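Visitor: Numbering (our numbering), first residue to last: 58 to 240. Here you go, one structure.
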Ligand code: ASP
């Protein structure tokens with residue numbers, strides 16, 4: 058067994074799991090967890106990764122029952138691994154992070170929500186950098202809360218780990234759409 062930490066990525070869908078649909082010009086929810094990991098093999102250099110599909114849906118369709126389902130699935134994983142990453146659509150990602158932070162009070166391990174503003178099949182996608190930053194943060198810290206990991210600026214320089222209850226999506230397309238408000 059190697060000395061790397063082990064994480065589970067739980068997938069819920071959203072743009073991060075999408076491909077462009079060239080018939081409509083929109084994106085369709087498509088990627089399986091295995092395909093995503095295959096696309097971003099750098100993550101496996103940082104941590105050992107297990108991944109599981111919970112749903113493949115747009116985040117605007119996520120409701121209270123999904124918060125409970127996700128919390129249960131996170132708890133199932135957390136006693137086996139060092140941290141959990143949730144891939145999620147960006148539109149309601151901040152609501153899910155707030156809900157999870159109340160449901161999962163007293164966490165000792167990290168739970169990071171990660172989305173993308175551009176689908177994972179595009180060269181300009183922010184998905185790989187957001188995911189790799191989240192994995193690196195889990196690998197190198199002893200953070201024990203729910204947080205959001207997204208780009209700090211328009212370029213691939215840094216990501217921020219933002220607080221679960223004080224973060225908002227403030228732009229529809231920019232990579233740095235997520236901002237901490239009053240924090
Ligand atoms: N409408 C999509 C969603 O929130 C947008 C995204 O994933 O970024 O699921």
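We treat Cβ as the ideally placed atom computed from N, Cα and C, and that holds for glycine. The structure presented is a predicted model; accordingly, all values stated were derived computationally and were not measured.
(1) Can you check which of these residues, 79, 178, 166, 136, is closest to residue 192 by C-alpha distance?
(2) Can you give me the start and stop residues for the beta strand (DSSP E) that residue 68 sits inside?
(3) How big is the Cα-Cα spacing for residue 163 and residue 128?
(4) Around the C-beta of residue 183, are 16 or more other C-beta atoms found within 10 angstroms, so that it is buried, or is it exposed?
(5) Do you know whose CA, among 216, 215, 179, 227, lies nearest residue 83's CA?
(6) What do you get for residue 59, buried or exposed, if any count of 16 or more other CB atoms within 10 angstroms of its CB means buried?
(7) Ends of the alpha helix (DSSP H) at residue 90?
(8) What does a CB cutoff of less than 8 Å around residue 94 pick up in its chain, not counting 5 residues either side in sequence?
Guide: Checking against the coordinates, here is how it stands:
(1) 166
(2) 63–68
(3) 13 Å
(4) buried
(5) 179
(6) exposed
(7) 90–96
(8) 66, 100, 101, 106, 108
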